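**Q** Take 7 as the starting number for the sequence shown in my numbering and just add one per residue. Below is a structure I'd like to ask you about.
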Amino acid sequence: MAKQTEKYQQRTAQAKINFQKMKTILTNKHISIETRKRALQCYIEPVLMYGCGAWTISKQIQNKLEATEMWFLRRMLRIPWTAKKTNERVLNEANKRRSMVRTIIIIRKRQATFLGHVMRRGKLEHLVTTGKFEGKRSRGRQREKIMDRLATWLGPGKVSDILAAVKDRDLWRDIIVNAYKQGT
7 MAKQTEKYQQ
17 RTAQAKINFQ
27 KMKTILTNKH
37 ISIETRKRAL
47 QCYIEPVLMY
57 GCGAWTISKQ
67 IQNKLEATEM
77 WFLRRMLRIP
87 WTAKKTNERV
97 LNEANKRRSM
107 VRTIIIIRKR
117 QATFLGHVMR
127 RGKLEHLVTT
137 GKFEGKRSRG
147 RQREKIMDRL
157 ATWLGPGKVS
167 DILAAVKDRD
177 LWRDIIVNAY
187 KQGT
């Protein structure tokens, strides 16, 4: 979990740096809020989401993603931290809904696509992804596996069913598309 949090913090820091570079555009009140939101979505979100296919999305990281989204909106609307405005009020001012559900679904889709690539490749990647490498495991709580996360997201089914479906590219693509449509 510490590694995932560290990766997320690095991506957040990089996205905030890019936001600061584009601050004159993103905070300009003469540009419509829709245009500024679109610029945020096109130029800042990809920096934040880079490499998210390898993240383990926990409740903690979901909350941090939501906080980062609010940080961007508050800066875009020039709302100081001393102003006691709720997140809902900020979202209303920006004419925006919470997009974290959409973001989480996009992350899961990327993870499933990434898993498809890895599972069709060589032996080492397959062994690491399925967790079947030899040796003693480290102390403490077992890390969450990508296979288990995707099994819960894709619906009722076993990990062995997923491994069989991944081998057929077209079937795997259809499964991902259907899961994506159900999530949105």
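Note that the Cβ used here is the ideal one computed from N, Cα and C, for glycine as well. What you are looking at is a predicted structure, and each value in this text was computed from that prediction instead of being measured.
Would you call G122 buried or exposed, if buried means 16 or more other Cβ atoms sit within 10 Å of its Cβ?
**A** The residue in question, G122, is buried, as its Cβ has 16 or more Cβ neighbours within 10 Å.
**Q** Count the other CB atoms within 10 Å of the CB of W87; is the residue buried (16 or more) or exposed (fewer)?
**A** W87 comes out exposed.
**Q** Measure the C-alpha to C-alpha separation of F78 and V183 and round it to an integer number of angstroms.
**A** Going from the Cα of F78 to the Cα of V183 covers about 30 angstroms.
**Q** Out of D176, K151, R143, point me to the one whose CA is closest to V165's CA.
**A** That would be K151, whose Cα lies nearest to the Cα of V165.
**Q** Quick one: using the 10 Å Cβ neighbour count with 16 as the cut-off for buried, is Q26 buried or exposed?
**A** Exposed, since its Cβ has fewer than 16 Cβ neighbours within 10 Å.
**Q** Helix, strand or coil for L121, going by three-state DSSP, please let me know.
**A** Correct three-state label for L121: helix.
**Q** Are the CB atoms of I111 and I63 within a distance shorter than 8 angstroms?
**A** Taking 8 angstroms as the Cβ cut-off, I63 and I111 do not qualify as a contacting pair.
**Q** State the start and end residues of the unbroken alpha helix (DSSP H) segment that holds S166.
**A** It spans 165-173 - the alpha helix (DSSP H) in which S166 sits, taken as one unbroken run.
**Q** Use the C-beta contact count for I67: other C-beta atoms within 10 angstroms, 16 or more gives buried, fewer gives exposed.
**A** The residue is buried, with at least 16 neighbouring Cβ atoms inside 10 Å.
**Q** In the DSSP assignment, find the unbroken alpha helix (DSSP H) run with Q66 in it and report its ends.
**A** Segment 65-82, the alpha helix (DSSP H) holding Q66.
**Q** Can you find the residues in the same chain that come closer than 7 angstroms, C-beta to C-beta, to Y56, ignoring five residues on each side of it along the sequence?
**A** Cβ neighbours of Y56 beyond the five flanking positions: R17.
**Q** State the Cα-Cα distance for the pair Q20 and T41, rounded to the nearest angstrom.
**A** Distance between the alpha carbons of Q20 and T41: 22 angstroms.
**Q** With distance defined between alpha-carbon atoms, name the residue in N69, K102, K187, K65 nearest to M82.
**A** For the residues N69, K102, K187, K65, the minimum Cα distance to M82 belongs to K102.
**Q** With 16 other CB atoms within 10 Å as the buried threshold, where does A100 fall?
**A** A100 is buried by the Cβ-count criterion.
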